[in-house]
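Engineer:
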Amino acid sequence: MIPWLDPQRPRFPDPATALRDPDGLLAAGGNLSADTLLAAYRRGIFPWYAPPDPILWWSPDPRAVLIPDRLHVSRSMHKLIKRRPFTVSCDQVFREVMLHCAAPRRYTADTWISDEMIAAYTRLHQLGYAHSVEVWQQDRLVGGLYGLAIGRVFFGESMFSRVGNASKYAFILLARQLQQAGFALIDCQVASAHLQSLGACTLPRAEFQLRLQQAIDQPPLFSPWTPALL
Numbered sequence: 001m002i003p004w005l006d007p008q009r010p011r012f013p014d015p016a017t018a019l020r021d022p023d024g025l026l027a028a029g030g031n032l033s034a035d036t037l038l039a040a041y042r043r044g045i046f047p048w049y050a051p052p053d054p055i056l057w058w059s060p061d062p063r064a065v066l067i068p069d070r071l072h073v074s075r076s077m078h079k080l081i082k083r084r085p086f087t088v089s090c091d092q093v094f095r096e097v098m099l100h101c102a103a104p105r106r107y108t109a110d111t112w113i114s115d116e117m118i119a120a121y122t123r124l125h126q127l128g129y130a131h132s133v134e135v136w137q138q139d140r141l142v143g144g145l146y147g148l149a150i151g152r153v154f155f156g157e158s159m160f161s162r163v164g165n166a167s168k169y170a171f172i173l174l175a176r177q178l179q180q181a182g183f184a185l186i187d188c189q190v191a192s193a194h195l196q197s198l199g200a201c202t203l204p205r206a207e208f209q210l211r212l213q214q215a216i217d218q219p220p221l222f223s224p225w226t227p228a229l230l
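Going by the numbering used here, the residue at position 56 of the sequence shown is 56; the numbering climbs one at a time, nothing skipped.
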């Protein structure tokens with residue numbers, strides 16, 4: 001059994017108490033206010049659910065992360081970046097990036113990025129915590145990603161591509177920018193072949209929590225959310 005959170009005053013349990021099956025399920029209920037979401041991320045907890053299900057909160061073990069200075073860029077991506085086929089920006093069309101991430105994929109029409117989630121993360125964007133990276137081909141938005149930045153940790157949420165390698169392009173340029181700004185972690189939540197190809201690895205939950213707490217209250221060396229990354 002998992003605890004149900006008070007919708008008015010949610011208090012998260014210790015992430016170490018999360019279930020093993022399904023991996024990382026910690027609690028249900030609560031709300032998606034800015035205060036609740038920030039409190040969750042500071043403890044390595046994130047929401048993931050599909051309405052009409054209740055809000056579900058997760059802390060998987062192991063945790064997928066990318067250490068910015070261990071970013072892996074393939075030869076083909078090096079060549080692509082050198083050609084500069086795209087323009088990349090930050091925080092120009094945050095909500096539009098979320099809508100693209102929520103759109104049906106080739107393999108499924110299901111999405112966990114509901115209207116409620118879009119509204120919640122747009123509030124965090126307005127408060128300066130949630131950020132987007134946009135990839136443009138001329139005036140067309142063809143890829144991007146979004147997530148939260150707290151201290152020296154970036155919590156990646158989702159990405160999309162409308163042309164080949166557009167999301168990889170965004171992720172690589174962002175990871176380089178975060179490395180220069182002194183970020184210690186990019187939280188990728190759950191491992192995938194796509195992320196592993198970029199250098200992501202997995203950490204036991206206890207090690208992830210330790211690294212998180214060491215970095216979460218450290219200010220970055222500079223703001224990585226410049227108007228243009230390239």
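Note that the Cβ used here is the ideal one computed from N, Cα and C, for glycine as well.
Roughly how many angstroms lie between the CA atoms of residue 68 and residue 151, to the nearest whole one?
Structural biologist: Looking up residue 68 in the sequence shown gives position 68. Looking up residue 151 in the sequence shown gives position 151. Approximately 14 Å, taken between the alpha carbons.
Engineer: With residue 41 and residue 155 assumed to form a contact (beta carbons below 8 Å), what rounded beta-carbon distance in angstroms separates them?
Structural biologist: Locating residue 41 in the sequence shown gives position 41, where the first residue counts as 1. Locating residue 155 in the sequence shown gives position 155, where the first residue counts as 1. That belief holds up - the Cβ atoms of residue 41 and residue 155 are roughly 6 Å apart, short of 8 Å.
Engineer: Please identify the residue among 26, 37, 212 and 17 whose C-alpha is closest to the C-alpha of residue 125.
Structural biologist: Position 125 of the sequence shown, counted from the first residue, corresponds to residue 125. Minimum Cα distance to residue 125 is reached at 37.
Engineer: Could you give the distance in angstroms between the alpha-carbon of residue 217 and the alpha-carbon of residue 63?
Structural biologist: Position 217 of the sequence shown, counted from the start, is the residue given in the question as residue 217. Position 63 of the sequence shown, counted from the start, is the residue given in the question as residue 63. Distance between the alpha carbons of residue 217 and residue 63: 20 Å.
Engineer: Taking the C-alpha atoms as reference points, what is the distance between residue 70 and residue 202?
Structural biologist: One-based indexing of the sequence shown puts residue 70 at position 70. One-based indexing of the sequence shown puts residue 202 at position 202. Whole-angstrom Cα-Cα distance: 13 Å.
Engineer: Nearest to residue 128 by CA position, among 204, 161 and 149, is which residue?
Structural biologist: The residue you call residue 128 lines up with position 128 of the sequence shown. Of 204, 161 and 149, the residue nearest in Cα terms is 149.
Engineer: Figure out for me which residue from 12, 22 and 74 has the closest Cα to the Cα of residue 60.
Structural biologist: Walking along the sequence shown from the start, residue 60 turns up at place 60. For the residues 12, 22 and 74, the minimum Cα distance to residue 60 belongs to 22.
Engineer: Within 10 Å of its beta-carbon, does residue 4 have 16 or more other beta-carbons around it, so buried, or fewer, so exposed?
Structural biologist: Numbered from 1 along the sequence shown, position 4 holds the residue referred to as residue 4. Residue 4 should be labelled exposed.
Engineer: Assess contact between the segment 131 to 138 and the segment 81 to 100, defined as three or more Cβ pairs (one per stretch) separated by less than 8 Å. Is contact present?
Structural biologist: Taking 8 Å as the limit for Cβ pairs, the verdict is that the segment 81 to 100 does touch the segment 131 to 138.
Engineer: My output table needs one value for residue 284: the three-state DSSP class, helix, strand or coil.
Structural biologist: Absent from the model: residue 284. The displayed extent of the chain is 1 to 230, so no value can be given.
Engineer: How big is the Cα-Cα spacing for residue 78 and residue 33?
Structural biologist: The sequence position of residue 78 within the sequence shown is 78, counting from 1. The sequence position of residue 33 within the sequence shown is 33, counting from 1. Those two C-alpha atoms are separated by around 40 Å.
Engineer: With DSSP run on the structure shown, which of helix, strand or coil describes residue 187?
Structural biologist: Translated into the one-based positions of the sequence shown, residue 187 becomes position 187. Reduced to three states, the DSSP call for residue 187 is strand.
Engineer: From residue 176 to residue 164, what distance separates their C-alpha atoms?
Structural biologist: In the sequence shown, the residue the question calls residue 176 occupies position 176. In the sequence shown, the residue the question calls residue 164 occupies position 164. One C-alpha to the other measures close to 20 Å.
Engineer: By the 10 Å Cβ neighbour count, where 16 or more other Cβ atoms means buried, how is residue 18 classified, buried or exposed?
Structural biologist: On the sequence shown, residue 18 is found 18 positions in, with the first residue counted as 1. Buried, because 16 or more other Cβ atoms sit within 10 Å of the Cβ of residue 18.
Engineer: Taking C-alpha atoms, which residue in 6, 20 and 161 lies nearest to residue 28?
Structural biologist: In the sequence shown, the residue the question calls residue 28 occupies position 28. Nearest of 6, 20 and 161 to residue 28, Cα basis: 6.
Engineer: Assuming residue 185 and residue 153 make a contact with CB atoms under 8 Å, what is their CB distance in whole Å?
Structural biologist: Start at 1 with the first residue of the sequence shown, and residue 185 comes out as number 185. Start at 1 with the first residue of the sequence shown, and residue 153 comes out as number 153. The Cβ separation is near 5 Å, so the contact holds.
Engineer: Measuring only the C-alpha atoms, how far is residue 72 from residue 198?
Structural biologist: Locating residue 72 in the sequence shown gives position 72, where the first residue counts as 1. Locating residue 198 in the sequence shown gives position 198, where the first residue counts as 1. Approximately 5 Å, taken between the alpha carbons.
Engineer: In chain order, which beta strand (DSSP E) runs of at least 3 residues are fully inside the segment 44 to 68?
Structural biologist: The segment 44 to 68 contains these whole beta strand (DSSP E) runs: 56 to 58 and 63 to 66.
Engineer: By DSSP, does residue 12 sit in helix, in strand, or in coil?
Structural biologist: If you number the sequence shown from 1, residue 12 lands on position 12. Here residue 12 sits in coil by DSSP.
Engineer: Less than 8 Å between the beta carbons of residue 80 and residue 57, yes or no?
Structural biologist: Taking the sequence shown and counting its residues from 1, one reaches residue 80 at position 80. Taking the sequence shown and counting its residues from 1, one reaches residue 57 at position 57. Their beta carbons are not under 8 Å apart, which means residue 80 does not touch residue 57 by this criterion.
Engineer: Pull up the CB-CB distance for residue 224 and residue 181, whole angstroms please, since I reckon it's below 8 Å.
Structural biologist: In the sequence shown, residue 224 corresponds to position 224, counting from 1. In the sequence shown, residue 181 corresponds to position 181, counting from 1. Their Cβ separation, rounded to whole angstroms, is 4 Å, which keeps residue 224 and residue 181 in contact under 8 Å.
Engineer: Need the endpoints of the beta strand (DSSP E) that residue 153 sits in, please.
Structural biologist: Position 153 of the sequence shown, counting from 1, holds the residue named residue 153. Taken as a continuous stretch (DSSP letters only), the beta strand (DSSP E) holding residue 153 covers 153 to 161.
Engineer: Would you tell me roughly how many angstroms separate the C-alpha atoms of residue 113 and residue 213, rounded to the nearest one?
Structural biologist: Taking the sequence shown and counting its residues from 1, the one referred to as residue 113 is at position 113. Taking the sequence shown and counting its residues from 1, the one referred to as residue 213 is at position 213. Taking the straight line from one Cα to the other gives about 27 Å.
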